[in-house]
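For the sequence shown, the numbering used here begins at 43 and goes up steadily by one.
Just below is one structure, and these are the notes that go with it.
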Amino acid sequence: MEFTMNPDGSLAPGKSADDNKSQATGPQGPANAETAPQAPTTTPTASAYDIKDSDTANFKADVIETSMVVPVIVDFWAPWCGPCKQLGPSLEKLVRAAAGLVKLVKINVDENKDLAAQMQIQSIPAVFAFKGGQSVDGFAGALPESQLKAFIDKLTEGAQSPLDADLDLAQAALDDGDMATAGGIFAKIQSQDPENEKALAGMIRVALAAGEIDRAKDMIASLTPVLLAKPEVAAACAQVDLSQQTQETGDVDELLVKLAQDENDHQARFDLSMALYGQGQNQLAVDGLLDLFGRAPKWDDDAARKQLLKIFEALGAADPVVVEGRKQLSTLLFS
43 MEFTMNPDGS LAPGKSADDN KSQATGPQGP ANAETAPQAP TTTPTASAYD
93 IKDSDTANFK ADVIETSMVV PVIVDFWAPW CGPCKQLGPS LEKLVRAAAG
143 LVKLVKINVD ENKDLAAQMQ IQSIPAVFAF KGGQSVDGFA GALPESQLKA
193 FIDKLTEGAQ SPLDADLDLA QAALDDGDMA TAGGIFAKIQ SQDPENEKAL
243 AGMIRVALAA GEIDRAKDMI ASLTPVLLAK PEVAAACAQV DLSQQTQETG
293 DVDELLVKLA QDENDHQARF DLSMALYGQG QNQLAVDGLL DLFGRAPKWD
343 DDAARKQLLK IFEALGAADP VVVEGRKQLS TLLFS
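Here is the structure:
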């Protein structure tokens, strides 16, 4: 069903081939809401970043205008509606998982009967998808989560979430050495989504790139075990640990002289690898540790292998140095 905006901001239903699909049908609706059993008029707690309650007065701003920028799903519900209680949590879960690609607006039909009438709602839950200021899809009733996901995927196909766009901007700023911009964007995202692992990892990396290792360590110390276990955060923590180690390894030229004098000086080879890593020469660092592991796999309680794994974690699984390094390490382990 499509809708047009009247001058006063109200909606007038139009006709489309999708009318039967998007119009809710059934015996239960807003008209008999007053005789239905009442329950507490509260909705589940939702993130302000992508989920909100709305009403008739704010429908134009929250739905029509917002849908010009990002798709909006509107869930018409009521506290007494059993199927609404099944649908609502699933919708919220999937909208959060979409990470900003779509927003969810929840409207209580008991409190907004005029709007429900304009939308020709006859039963609830009734769900409408708005895009570009118009209703483009919809359904009635509590659908299985798999069908809800397909509904959202169709609505968001080919789009990049505002959250992902912000993360890309922050990472680009970090790569360019603009710590103020990167830190500001990461902090903004983290304030809206406190457990966003990319934002948390980004803030740690900004502190590290600025040479503020103590601040980075303080951030890490404040995180819960669950957050510390997230891959992006774990990688940033590994980078902080490695950065601290590289400051204690010594001069590259001096270490090269030591190895020239004694190629079995395992500590010098280990320190040289870490010094090279500190200079950003990741390939040479990994090669040195692989060489050390091949020469003395058990030296210093398996130090070479452990350090390789830490570097792999810090660089990320997709890094070509990591991909090749893991292959070579596996060969050494099982040869």
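Where is the CB? At the ideal position from N, CA and C, for every residue including glycine.
Computed from a prediction, not measured in an experiment: that's the story for all the values here.
For this session: Spell out the partners DSSP gives Lys148 in its beta bridges.
Result: Sequence index remark: in the sequence shown, residue 148 carries index 106 (1-based). Answer is Asp95 and Asp117.
For this session: With distances taken Cα to Cα, identify the nearest neighbour of Ala417 among Glu187, Lys155, Val144 and Asp152.
Result: Absent from the model: residue 417. The displayed extent of the chain is 43 to 377, so no value can be given.
Exercise. If we count the other Cβ atoms within 10 Å of its Cβ and call it buried at 16 or more, is Asp117 buried or exposed?
Worked result: The residue labelled residue 117 in the question sits at position 75 within the sequence shown. Burial call: buried.
Exercise. Is the region 209–229 in contact with the region 238–256, if contact means three or more CB pairs nearer than 8 Å?
Worked result: yes
Problem set entry | Three-state secondary structure assigned by DSSP to Lys173 | For this step, residue 173 is matched to residue 131 along the sequence shown. Of the three classes helix, strand and coil, the one that applies to Lys173 here is strand, per DSSP.
Problem set entry | Beta-carbon gap between Leu146 and Ile194 smaller than 7 Å | Along the sequence shown, one-based indexing puts residue 146 at 104. Along the sequence shown, one-based indexing puts residue 194 at 152. No; because the gap between Cβ atoms is not below 7 Å, this pair is not in contact.
Exercise. For Gln281 versus Ala356, is the C-beta distance shorter than 7 Å?
Worked result: Translated into positions along the sequence shown, residue 281 becomes position 239. Translated into positions along the sequence shown, residue 356 becomes position 314. Yes, the pair counts as a contact, with Cβ atoms nearer than the cut-off.
For this session: Helix, strand or coil for Val178, going by three-state DSSP, please let me know.
Result: Within the sequence shown, the letter at position 136 stands for residue 178. Residue state, collapsed to three classes: strand.
Exercise. Pro121: which of Val112, Asn150 and Gly336 sits nearest, CA to CA?
Worked result: The count along the sequence shown starts at 1 and reaches residue 121 at position 79. Measuring from the Cα of Pro121, the nearest candidate turns out to be Asn150.
Exercise. Skipping 5 residues on each side, what residues in its chain have a beta carbon closer than 6 Å to that of Met316?
Worked result: Counting from 1 along the sequence shown, the entry for residue 316 is found at position 274. So the qualifying residues of the chain are Gln287, Thr288 and Thr291.
Exercise. So, is Ala81 buried or exposed, given that buried needs 16 or more other C-beta atoms within 10 angstroms?
Worked result: In the sequence shown, the residue the question calls residue 81 occupies position 39. The predicted position of Ala81 is uncertain, since its pLDDT is 29 and thus under 50; a value taken from the coordinates is nonetheless stated next. Under this definition Ala81 is an exposed residue.
Problem set entry | For Ala168, three-class secondary structure by DSSP | Counting from 1 along the sequence shown, the entry for residue 168 is found at position 126. Residue state, collapsed to three classes: strand.
Exercise. Any chance the region 261–275 sits against the region 292–300, with 3 or more Cβ pairs inside 8 Å?
Worked result: no
For this session: Specify the secondary structure class of Leu270 as computed by DSSP and reduced to three states.
Result: Position 228 of the sequence shown, counting from 1, holds the residue named residue 270. Residue state, collapsed to three classes: helix.
Problem set entry | Cys123 in three-state terms, based on DSSP | Residue numbering aside, residue 123 sits at position 81 when the sequence shown is read from its first letter. Three-state DSSP puts Cys123 in coil, outside helix and strand.
Exercise. Got a sec? Which residues, its chain only, sit under 6 Å from Cys279 by beta carbon, not counting five neighbours each side?
Worked result: If you number the sequence shown from 1, residue 279 lands on position 237. Around Cys279: Ile262.
For this session: Take Ala182 as the anchor and find which of Cys126, Pro273 and Lys191 has the nearest alpha-carbon.
Result: Position 140 of the sequence shown, counted from the start, is the residue given in the question as residue 182. It is Cys126 whose Cα lies nearest to the Cα of Ala182.
For this session: Throw me the rounded Cβ distance for the Leu232 and Leu242 pair, which I believe falls under 8 Å.
Result: As a position in the sequence shown, residue 232 is number 190, starting the count at 1. As a position in the sequence shown, residue 242 is number 200, starting the count at 1. Note that residue 232 corresponds to Gln in the displayed sequence, not to Leu. Right, their Cβ atoms sit about 6 Å apart.
Exercise. Using a Cβ-Cβ cut-off of 6 Å (strictly less than) and excluding sequence neighbours within five positions of Ala184, which residues of its own chain qualify?
Worked result: One-based indexing of the sequence shown puts residue 184 at position 142. Contacts found: Pro125, Gln128 and Leu129.
For this session: Would you mind listing the alpha helix (DSSP H) stretches within the region 243–321 that are 4+ residues and don't spill past its ends, in chain order?
Result: 255–263, 267–270, 273–288, 294–303 and 308–320
Problem set entry | Whole-Å CB distance - Asn324 paired with Val294, under 8 Å assumed | As a position in the sequence shown, residue 324 is number 282, starting the count at 1. As a position in the sequence shown, residue 294 is number 252, starting the count at 1. Actually they do not touch by this definition, with Cβ atoms about 14 Å apart.
For this session: Measure from the alpha carbon of Gly402 to the alpha carbon of each residue in Gln176, Ile353, Leu351 and Pro113, then state which is nearest.
Result: Look at the range of the chain in this structure, 43 to 377, and you will see that residue 402 is not part of it.
Problem set entry | For Leu197, three-class secondary structure by DSSP | Mapped onto the sequence shown, residue 197 falls at position 155. In this structure, Leu197 counts as helix in the three-state DSSP scheme.
Problem set entry | Spatial distance of Asp104 from Ile353 (CA atoms) | Counted from its first residue, the sequence shown places residue 104 at position 62. Counted from its first residue, the sequence shown places residue 353 at position 311. Cα to Cα, the separation comes out at about 46 Å.
For this session: Identify the continuous alpha helix (DSSP H) that holds Gln213 and give its terminal residues.
Result: Working through the sequence shown from its first residue, we reach residue 213 at position 171. Per DSSP, Gln213 belongs to the alpha helix (DSSP H) from Pro204 to Asp217.
For this session: Check Glu237 in the structure and name its three-state DSSP category.
Result: Against the sequence shown, residue 237 aligns to sequence position 195. The answer is coil: DSSP assigns Glu237 none of H, G, I, E or B.
For this session: Output yes or no for whether 7 Å exceeds the beta carbon distance between Phe312 and Leu374.
Result: Position 270 of the sequence shown, counted from the first residue, corresponds to residue 312. Position 332 of the sequence shown, counted from the first residue, corresponds to residue 374. Their beta carbons are not under 7 Å apart, which means Phe312 does not touch Leu374 by this criterion.
Exercise. Run through DSSP, which three-state label would Pro186 get?
Worked result: Here the question's residue 186 lines up with position 144 in the sequence shown. Looking at Pro186 - three-state DSSP - the assignment turns out to be coil, as it is neither helix nor strand.
Exercise. Would DSSP call Val364 helix, strand or coil?
Worked result: For the purposes of this step, residue 364 is identified with residue 322 of the sequence shown, where counting begins at 1. Helix, per DSSP.
Exercise. Closest by CA to Gln160, which one among Glu107, Ser203 and Thr98?
Worked result: The sequence position of residue 160 within the sequence shown is 118, counting from 1. For Gln160, the nearest C-alpha among the options comes from Thr98.
For this session: Evaluate Ala66 with the Cβ neighbour count: other Cβ atoms within 10 Å of its Cβ, from every protein chain shown; 16 or more gives buried, anything less gives exposed.
Result: Mapped onto the sequence shown, residue 66 falls at position 24. Reliability of the predicted coordinates at Ala66 is poor, the pLDDT of 36 falling under 50, and no value is obtained from them.
Exercise. With DSSP run on the structure shown, which of helix, strand or coil describes Gln163?
Worked result: Sequence index remark: in the sequence shown, residue 163 carries index 121 (1-based). According to the sequence displayed, residue 163 carries Ile and not Gln. Ile163 falls in the coil class under three-state DSSP.
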